[in-house]
Each structure stands twice: as structure tokens, then as C-alpha cells.
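Chemist: Please find one structure pasted underneath; my questions will follow.
In my numbering, the protein residues as written are 167 to 304.
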């Protein structure tokens with residue numbers, strides 16, 4: 167349905183990720199591209215420090231705009247990481263469609279969903295009690 171909505175709006179949003187599997191604490195880049203016809207613009211969603219619960223945004227680029235014939239491309243890259251051992255379904259994000267004057271048209275286009283598998287690279291030994299690194303000094 168999102169593809170149909172994007173066609174009707176003449177807006178196409180595409181999300182791609184460099185690596186779908188990470189070790190805990192590693193980073194990967196998530197690329198968002200929005201394509202519009204002349205006379206339309208898109209507003210990227212405002213995200214804080216998290217894409218969603220468990221997936222943190224380390225950094226994000228400014229939105230780059232370029233023109234190709236009668237199309238306008240908007241691109242933004244996000245560097246993301248996670249410290250949770252889990253399989254994440256990265257939620258679709260809403261993009262507000264605007265007219266050439268920058269006023270919202272009332273329409274919204276959505277990015278596609280992606281998966282991110284975060285793995286624990288080593289086994290954790292839970293059989294031993296937690297101990298101090300060094301003994302207490304008197």
C-alpha cells in the first residue's frame with residue numbers, strides 16, 4: 167500500500183541499510199532517499215537520539231538536494247547502533263509532502279521497513295559471582 171500511496175503522491179521514499187547484521191555496539195549507515203516531481207517537496211521526520219527503542223542514532227547528515235530532469239532527490243544518511251541483542255524491525259518513517267511554497271498538502275509518504283539483527287559476539291558466563299576488579303584498599 168505504501169508504494170501505491172507514493173505513486174499517487176508522485177513521491178517515492180526508499181530506505182537502505184549497509185549491513186543488516188551487527189555485533190553489539192557496532193555501527194552501520196542507513197540511507198534515506200526521497201524522490202519528488204517538480205512542484206513537490208518532502209519534510210524528513212524529526213528524530214531524536216533513537217530511531218526507535220533499542221536503536222540509537224549516532225549521527226545524521228544534513229539533507230542533500232539534487233535535481234535530475236523533472237525530479238528532485240532528497241538524501242540523508244543516519245549512522246545507527248544498538249546495545250541490545252535482538253532482531254529489530256526498523257519502523258517506517260513518515261515524510262510530510264509539501265507544495266512548491268513549502269506548505270503541507272495534507273499527504274504523507276512512508277519509507278519502507280528494514281530489519282537489523284544485533285548479535286552478542288561472545289557467550290556471557292553467568293555461573294560465577296560478580297566480583298570487584300581489584301580488592302578494596304584500606
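Don't be surprised by glycine CBs; every beta carbon is placed ideally from N, CA and C. Predicted, not measured: the structure shown is a model, and the values here were computed from it.
1) In angstroms, rounded to a whole number, what distance separates the CA positions of residue 304 and residue 298?
2) Along the beta strand (DSSP E) that carries residue 188, what are the first and last residues, could you check?
3) Mapping DSSP to helix, strand and coil, what is residue 272?
4) Is it a yes or a no for the segment 287-301 touching the segment 244-264, going by three-plus beta-carbon pairs under 8 Å?
5) What does DSSP give as the partner residues of residue 234 in its beta bridges?
6) What is the rounded straight-line gap between the Cα of residue 300 and the Cα of residue 274?
7) Can you tell which of 223, 232, 256, 233 has its C-alpha closest to the C-alpha of residue 243?
8) Do you know whose CA, among 183, 179, 193, lies nearest residue 255's CA?
9) Buried or exposed for residue 267, please, with buried defined as at least 16 other CB atoms from any protein chain shown within 10 angstroms of its CB.
10) Here's the rule: buried if 16 or more other CB atoms are within 10 angstroms of the residue's CB, otherwise exposed. What is residue 263?
11) Between the Cα of residue 142 and the Cα atoms of 206, 241, 211, 225, which residue gives the shortest distance?
12) Alpha carbon to alpha carbon, how far is residue 188 from residue 195?
Modeler: Straight from the coordinates:
1) Cα to Cα, the separation comes out at about 15 Å.
2) Where residue 188 is concerned, the enclosing beta strand (DSSP E) starts and stops at 187-189.
3) Looking at residue 272 - three-state DSSP - the assignment turns out to be strand.
4) When C-beta atoms of the segment 287-301 are compared with those of the segment 244-264, fewer than three pairs fall below 8 Å, so the two segments do not count as touching.
5) DSSP output for residue 234 lists 237 as bridge partner(s).
6) If I take the Cα positions, the gap works out to 57 Å.
7) Ranking the options by Cα distance to residue 243, first place goes to 223.
8) In terms of CA proximity to residue 255, 183 leads the group 183, 179, 193.
9) Classification of residue 267: exposed, given that the 10 Å Cβ count is below 16.
10) By the 10 Å Cβ count, residue 263 comes out buried.
11) Summary: the structure shown does not reach residue 142, with the chain confined to residues 167 through 304, and so no result is reported for it.
12) Taken atom to atom, the span from the alpha-carbon of residue 188 to that of residue 195 is near 11 Å.
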